[in-house]
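Each residue of the sequence shown is one higher than the one before, counting from 291 in the numbering used here.
All C-beta atoms in this analysis are idealised placements derived from N, C-alpha and C, irrespective of residue type, glycine included.
Source: prediction; values computed, not measured.
Data first, discussion second: the structure below is written as structure tokens.
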Amino acid sequence: MSELITAELVDLDLSAATKDAAARSLAERMVAAHRVTDLDGFLADVAAREAQMPTGLDGGIGIPHCRSEHVSAPTLAFGRSAPGIDFGAADGPADLIFLIAAPAGADDDHLTILSGLARRLMDPEFTAALRAGDDPGTVAALIRGEEPAPEPEATTPIPAAEEAAPAGDDAPFRIVAVTSCPTGIAHTYMAAESLTAAGLAEGVEVTVETQGSAGFSKLDPAVIAR
């Protein structure tokens, strides 16, 4: 299985000023790496996905992504922008931009890896390491999970999205939720991670069914019945 991201797919000084220019710059790296077969066709698919819903997330993250017949292998390209680029997030521009490309018929193994990355983007330790990295190869290895993020002085762990935050029988109420998005590659899993972490912080039990590219994590009927 080819690596999803290599040093050649990392730009630590992305000069693009707009989201379209950022997508083009990162997509050009994918073409050079023989991961995308038709630059303009692929960018049209990225733009079509972007038109459905902005791909900017709170915390300075942009995740333009799509499935496309012009993608030959599931691929990530990463760009870091000092001034930031507007991807439509409520809290301002994104300085960490991931272009996520999946073939129209990508296999489940690759898509599971992509969904795992989406969850990791909700971890402040991981994003801090991305901002601090100064070598494309090291950053690519970090994204692949081969390099550990630096240990902070204190950390608040984020639970896995499908696990309910413990609240006990005396919890004021419980929440069950379903997350999904048009392509099921990124937002599905990031939303689940955020909901679960927010519930944990408030002492509320949250159980999430993700309906994404890596399959459905179906809610247990017993959980719904409670």
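Counting C-beta pairs with one atom in each stretch, the stretch 315-322 and the stretch 378-385 have fewer than three that are closer than 8 angstroms, which means they do not touch. The stretch 369-378 makes contact with the stretch 302-312: 3 or more CB pairs, one atom from each, lie closer than 8 angstroms. Judged by beta-carbon spacing, Ile295 lies beyond the 8 angstroms limit of Arg421, meaning their Cβ atoms are not closer than that value.
Within its own chain, the residues whose Cβ lies closer than 8 angstroms to the Cβ of Arg516, once the five positions on either side in sequence are excluded, are Arg464, listed in chain order. Of the residues assessed, Asp301 falls on the buried side of the cut-off, its CB having 16 or more other CB atoms within 10 angstroms.
In this structure Leu386 is in contact with Gly350, their Cβ atoms being roughly 6 angstroms apart against a cut-off of 8 angstroms.
Nearest to Ala367 by alpha-carbon distance, out of Ala338, Val326, Arg339, Ala341, is Val326.
Per DSSP, Asp310 is one residue of the alpha helix (DSSP H) stretching across 309-322.
Sequence-distant partners of Ala491 (beyond 5 residues in either direction) whose C-beta falls short of 7 angstroms from its own C-beta are missing from its chain.
Within the stretch 320-403, the runs of beta strand (DSSP E) that reach at least 3 residues and sit entirely inside it are, in chain order, 355-358, 365-375, 384-393. Counting only residues of its own chain and dropping the five nearest sequence neighbours on each side, Ala482 has a CB closer than 6 angstroms to the CB of Ala451, Thr469, Val498, Thr500.
Less than 8 angstroms divides the Cβ of Arg357 from the Cβ of Ala392. The shortest CA-to-CA distance from Leu411 to any of Val336, Ser484, Lys508 is the one to Ser484.
Taken atom to atom, the span from the alpha-carbon of Val361 to that of Asp413 is near 28 angstroms.
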